[in-house]
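Novice:
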Amino acid sequence: MPDILLEVKDLHVNFFLTEGTVKAVNGVSFKIERGKTLGIVGESGCGKSVMARAILNMVRPPGRIVSGEINYYSQPDSPPINIASLNRNSAQVRRIRWGEIAMIFQEPMTSLSPVHTISNQMIEPIQLHLNLSKQAAKNHAVELLARVGLPNPEQLLTRYRHELSGGMRQRVMIAMALSCNPKLLIADEPTTAVDVTTQAQILNLMRGLQDEFGMAIMFITHALGVIAEIADDVVVMYLGEEVEVADVDTIFHDPSHPYTQALLRSIPRPDMKLKRLETIKGNVPDPMHLPQGCKYHPRCRYYIPTRCANPPFERVSSEHRARCARIHDIKEQLSEPTS
Amino acid sequence: MTNDTLLHVNNLKKHFPIYKRGIFTQQVDRYVKAVDGVSFTIARGEVLGLVGESGCGKTTTGRTVLGAEKPTDGEVIFQDPQLGAVDLAQLNRETMRKYIWHNIQLIFQDPYSSLNPRMTLEQIIAEPIRNYKLLERGAIRDRVAELLRLVGLRPEYMSRYPHAFSGGQRQRVGIARALAVNPQLLICDEPVSALDVSIQAQVLNLLQDLQEQFQLAYLFISHDLSVVRHLCDRVAVMYVGKIVEIADTEDLFNNIQHPYTEALLSSAPTPDPRARRKQVPLIGEVPDPSNPPSGCYFHPRCLYAKERCVVETPPLREVQPGHWSACHFAEELDLG
Numbered sequence: 001m002p003d004i005l006l007e008v009k010d011l012h013v014n015f016f017l018t019e020g021t022v023k024a025v026n027g028v029s030f031k032i033e034r035g036k037t038l039g040i041v042g043e044s045g046c047g048k049s050v051m052a053r054a055i056l057n058m059v060r061p062p063g064r065i066v067s068g069e070i071n072y073y074s075q076p077d078s079p080p081i082n083i084a085s086l087n088r089n090s091a092q093v094r095r096i097r098w099g100e101i102a103m104i105f106q107e108p109m110t111s112l113s114p115v116h117t118i119s120n121q122m123i124e125p126i127q128l129h130l131n132l133s134k135q136a137a138k139n140h141a142v143e144l145l146a147r148v149g150l151p152n153p154e155q156l157l158t159r160y161r162h163e164l165s166g167g168m169r170q171r172v173m174i175a176m177a178l179s180c181n182p183k184l185l186i187a188d189e190p191t192t193a194v195d196v197t198t199q200a201q202i203l204n205l206m207r208g209l210q211d212e213f214g215m216a217i218m219f220i221t222h223a224l225g226v227i228a229e230i231a232d233d234v235v236v237m238y239l240g241e242e243v244e245v246a247d248v249d250t251i252f253h254d255p256s257h258p259y260t261q262a263l264l265r266s267i268p269r270p271d272m273k274l275k276r277l278e279t280i281k282g283n284v285p286d287p288m289h290l291p292q293g294c295k296y297h298p299r300c301r302y303y304i305p306t307r308c309a310n311p312p313f314e315r316v317s318s319e320h321r322a323r324c325a326r327i328h329d330i331k332e333q334l335s336e337p338t339s
Numbered sequence: 340m341t342n343d344t345l346l347h348v349n350n351l352k353k354h355f356p357i358y359k360r361g362i363f364t365q366q367v368d369r370y371v372k373a374v375d376g377v378s379f380t381i382a383r384g385e386v387l388g389l390v391g392e393s394g395c396g397k398t399t400t401g402r403t404v405l406g407a408e409k410p411t412d413g414e415v416i417f418q419d420p421q422l423g424a425v426d427l428a429q430l431n432r433e434t435m436r437k438y439i440w441h442n443i444q445l446i447f448q449d450p451y452s453s454l455n456p457r458m459t460l461e462q463i464i465a466e467p468i469r470n471y472k473l474l475e476r477g478a479i480r481d482r483v484a485e486l487l488r489l490v491g492l493r494p495e496y497m498s499r500y501p502h503a504f505s506g507g508q509r510q511r512v513g514i515a516r517a518l519a520v521n522p523q524l525l526i527c528d529e530p531v532s533a534l535d536v537s538i539q540a541q542v543l544n545l546l547q548d549l550q551e552q553f554q555l556a557y558l559f560i561s562h563d564l565s566v567v568r569h570l571c572d573r574v575a576v577m578y579v580g581k582i583v584e585i586a587d588t589e590d591l592f593n594n595i596q597h598p599y600t601e602a603l604l605s606s607a608p609t610p611d612p613r614a615r616r617k618q619v620p621l622i623g624e625v626p627d628p629s630n631p632p633s634g635c636y637f638h639p640r641c642l643y644a645k646e647r648c649v650v651e652t653p654p655l656r657e658v659q660p661g662h663w664s665a666c667h668f669a670e671e672l673d674l675g
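Sequence lines, in order, name chains L and Y.
Our numbering numbers the first residue of the first sequence as 1 and each following residue consecutively.
Our numbering numbers the first residue of the second sequence as 340 and each following residue consecutively.
1. With distances taken from CA atoms, which of Gly20/L, Asn14/L, Leu6/L, Ala24/L is nearest Glu242/L?
2. Please determine, among Ile330/L, Lys31/L, Leu5/L, Arg94/L, the residue with the shortest C-alpha to C-alpha distance to His129/L.
3. Just checking: is the beta-carbon of Pro268/L within a distance shorter than 8 Å of some beta-carbon in chain Y?
4. Chain L partners of Gly507/Y, CB-CB under 9 Å?
5. Drop a sphere of 10 angstroms on the beta-carbon of Leu422/Y, count the other beta-carbons inside from all chains shown, and report buried for 16 or more, exposed for fewer.
6. 8 Å is my cut-off, CB to CB: does Leu340/L come that close to chain Y?
7. Would you mind telling me which residues of chain Y sit closer than 7 Å to Ile220/L, beta carbon to beta carbon, in chain order?
8. Assess, as a yes-or-no matter, whether the stretch 256–265 of chain L is touched by the stretch 68–80 of chain L under the definition of 3 or more beta carbon pairs within less than 8 Å.
9. Quick check on the DSSP output: the beta strand (DSSP E) that includes Asp247/L runs from which residue to which?
10. For chain Y, find out if any of its Cβ atoms is closer than 8 Å to the Cβ of Phe279/L; answer yes or no.
11. Three or more C-beta pairs closer than 8 Å, one from the stretch 158–178 of chain L and one from the stretch 96–106 of chain L: is that the case here?
12. What residues from the stretch 248–263 of chain L come within 9 Å of chain Y, judged by C-beta to C-beta, listed N to C?
13. Taking 8 Å as the CB-CB cut-off, is Arg276/L touching chain Y?
14. Could you say if the stretch 406–422 of chain Y and the stretch 591–598 of chain Y meet the contact criterion of at least three C-beta pairs nearer than 8 Å?
15. Going by C-alpha to C-alpha distance, which of Val579/Y, Ala575/Y, Tyr496/Y, Pro598/Y sits closest to Asp587/Y?
16. Can you check whether the CB of Leu546/Y is closer than 8 Å to the CB of Leu570/Y?
17. Which residues in chain L sit within 7 Å of Ser393/Y, going by Cβ to Cβ distance?
18. Tell me which residue opens and which closes the alpha helix (DSSP H) that Leu564/Y is part of.
19. For the alpha helix (DSSP H) holding Lys547/Y, just list the boundary residues, first then last.
20. Over the uninterrupted beta strand (DSSP E) stretch that includes Ala216/L, give me the two end residues.
21. Which value, in whole angstroms, describes the spacing of the CA atoms of Gln596/Y and Pro654/Y?
22. When burial is assigned at 16 or more other CB atoms within 10 Å of the CB, is Thr338/L buried or exposed?
23. Based on DSSP bridge pairs, tell me the residues matched to Gly423/Y.
24. Cβ of Leu543/Y within 8 Å of Cβ of Val566/Y?
25. Against chain L, with Cβ distances strictly below 8 Å, would Asp535/Y count as a contact?
26. Which of the three DSSP states is assigned to Gln462/Y in this structure?
27. Consult DSSP for Asp254/L and reduce its assignment to one of helix, strand or coil.
28. Under 8 Å between the Cβ atoms of Met173/L and Ser111/L?
29. From the DSSP secondary-structure annotation, give me the bridge partner or partners of Trp663/Y.
30. Would you give the residue range spanned by the alpha helix (DSSP H) that Glu154/L belongs to?
31. Just to confirm my understanding: we take Asp353/L, look at its own chain, exclude 5 residues before and 5 after, and list those with CB closer than 6 Å. What are they?
32. Quick one: is Asn310/L near chain Y, going by C-beta distance under 8 Å?
33. Is the shortest distance between the beta-carbon of Thr609/Y and the beta-carbons of chain L less than 8 Å?
34. What's the C-alpha gap between Leu218/L and Leu672/Y?
35. Name, please, each residue of chain Y whose Cβ falls closer than 9 Å to the Cβ of Gln210/L.
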């Protein structure tokens, strides 16, 4: 029996705009195991960031969690807390947010305050959440900054964000996120705004910290290469729905959903020298006017009008599911030798 | 310079002054050496990739080649069909505008800010044609329609404004505008970085098709190594304003001759969980280009640095036929 830390069940998040309702997250379910890394991958507009915010109950109006459960198991045998059912400003949510579940964002430039020193931003939350004296909180902050590989942490505390490089800012964010020893770290595109060399440093750092602190990570990205490097399990999202859920090896070597397959074939890969990349036709549709039936059907090469009206979330194996009515025929087609 | 060479950049430098301001005076304090002695050639119909981390000077190189920045020093010799071989570094903007810029065009990274929101697609694409008086008034519309079809857009779209289009479609419009004047060289500055994964492939395929169809030469600037490997014939790796390695693409990826290239390639994630390996990430940060380290600029981060690297700047030299590296120990090191 896997040790579940967080279980999301049939989560719906809608944005109520004057032009209409946008179903940003539309019935997503998944589980995160304690100490494991779940990768969430999808293109822009698939709802992955909104979902991350929903888990912390941070969706602001006009957005709202409409239905679904977010069950958080603080201890292996404790009863779950349904984060979705709590008031988003309640003391209980605020304790979980940052204290038990921490989050780092894509753009470290905007998530640090421009008018406060690093020390001002770091020490106060540590004092509040861990109930430490100012001096003890400062020592803790110095320790954390050193742990994420920043040189001269004491001096760094007196700096402002504009004095730091992108990689340093992201490390500061990680140190802040770790300050209360979270059980789950949600990382929303943490390496998108940095260079590949810095990205490799940050991924290495996150892996090392995970080994050390045993936290679970929910890693959100659009980069398949990063998912392959860091995730244990993967959720592929498209237009607010999860289209495929499996372990990382299955996603990359035996994907069942046409969208996952197409995504993997559309990136240039050093291990397969292709003359041309395969493309997914068309564009991601406008979220106001979602396609009927299978959301992916206008772009799908296997679409059959009669069969794809209402695709079930089919179980391929015990831990592998895909939202496609034709997974079995597609498997057969693919296994036939192509002429 | 052989007949086939379209562009020959020789020891190109672009230094930006940093001023120390007094109340009445301003003095140059020091220089940001954004591009510091870069040399390369691009043959007709060749795709040269330029890779490196942010701040290494790849965009400034592209802009200086184009003449958008006046080079501090060096030559940019372009084989112009009308003028013959000319050094663009010596030309003034007037001459550049008159003779050169319809042969060298630029594709930008951000398709949202590079198109004027108040112009229709027809106006956007026709503007360079009108400026160069390439066609009669009546023929322009047909040419715009042809260009739109060429980049995979419907000609009916020509009366619409850019806001009606997605990022990938806008990037196609930018490509159509660049092609409108029949250029020979396209400088593509991160043309797919702002696009979604599934759209990237469409634009890359389009660039590849156009290159083959019109025998275009590209200077393809990117930080994405897998994209560069897919598209380019040759690749140049830049670090703090200098080229550290340049070679044919497969040769560069399989037969690395510079420690920085090794570090850069090993940092790039592989889209295969079975290929996960313990990386040796690069320590430290890119140096400040206004105050670079002594000797080899890479030595503070290099795993193989020796004393010589601290004092002596390595020149870019041909270590194997067609394979250039700026490392003192290129022959001795066995790089992955």
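Backbone N, C-alpha and C fix where the C-beta goes; we use that ideal spot for every residue, glycine too.
Specialist: Taking the coordinates as given:
1. Here the closest residue by C-alpha is Ala24/L.
2. Checking every option, the nearest Cα to that of His129/L belongs to Arg94/L.
3. Cβ-Cβ to chain Y under 8 Å: yes for Pro268/L.
4. Asn283
5. Its Cβ having fewer than 16 others within 10 Å, Leu422/Y is exposed.
6. What is shown of chain L runs 1 to 339, which leaves residue 340/L out entirely.
7. Here the premise fails: no neighbours, minimum Cβ distance about 14 Å.
8. Look at the beta carbons and you see the stretch 68–80 of chain L not touching the stretch 256–265 of chain L: under three pairs across the two are nearer than 8 Å.
9. 241–247
10. It is Thr, not Phe, that sits at residue 279/L in the sequence shown. Chain Y, which has a Cβ nearer than 8 Å to the Cβ of Thr279/L, makes this yes.
11. yes
12. Contact residues of the stretch 248–263 of chain L toward chain Y are Val248, Asp249, Ile251, Phe252, His253, Tyr259, Ala262, Leu263 (C-beta to C-beta distance below 9 Å).
13. yes
14. no
15. Ala575/Y
16. yes
17. Asp195
18. 564–570
19. Reading off the sequence shown, one finds Gln at residue 547/Y, where the question assumed Lys. That run of the alpha helix (DSSP H) goes 536–553.
20. 216–221
21. 13 Å
22. Its pLDDT being 45, under 50, Thr338/L is placed unreliably by the model, and the measurement read from it follows with that caveat. With fewer than 16 Cβ atoms within 10 Å of its Cβ, Thr338/L is classed as exposed.
23. Asp419/Y
24. The Cβ atoms of Leu543/Y and Val566/Y sit closer than 8 Å to each other.
25. yes
26. helix
27. Coil.
28. Yes, these two residues count as a Cβ contact at 8 Å.
29. Beta-bridge pairing links Trp663/Y to Ile585/Y, Glu657/Y.
30. 153–156
31. Coverage of chain L is limited to positions 1 through 339, which leaves residue 353/L absent and any answer about it impossible.
32. When Cβ-Cβ separations below 8 Å define contact, Asn310/L makes no contact with chain Y.
33. yes
34. The sequence shown places Met at residue 218/L, not Leu. Their Cα atoms are separated by approximately 40 Å.
35. Those do not exist, as Gln210/L stays about 14 Å from chain Y at its closest Cβ, beyond 9 Å.
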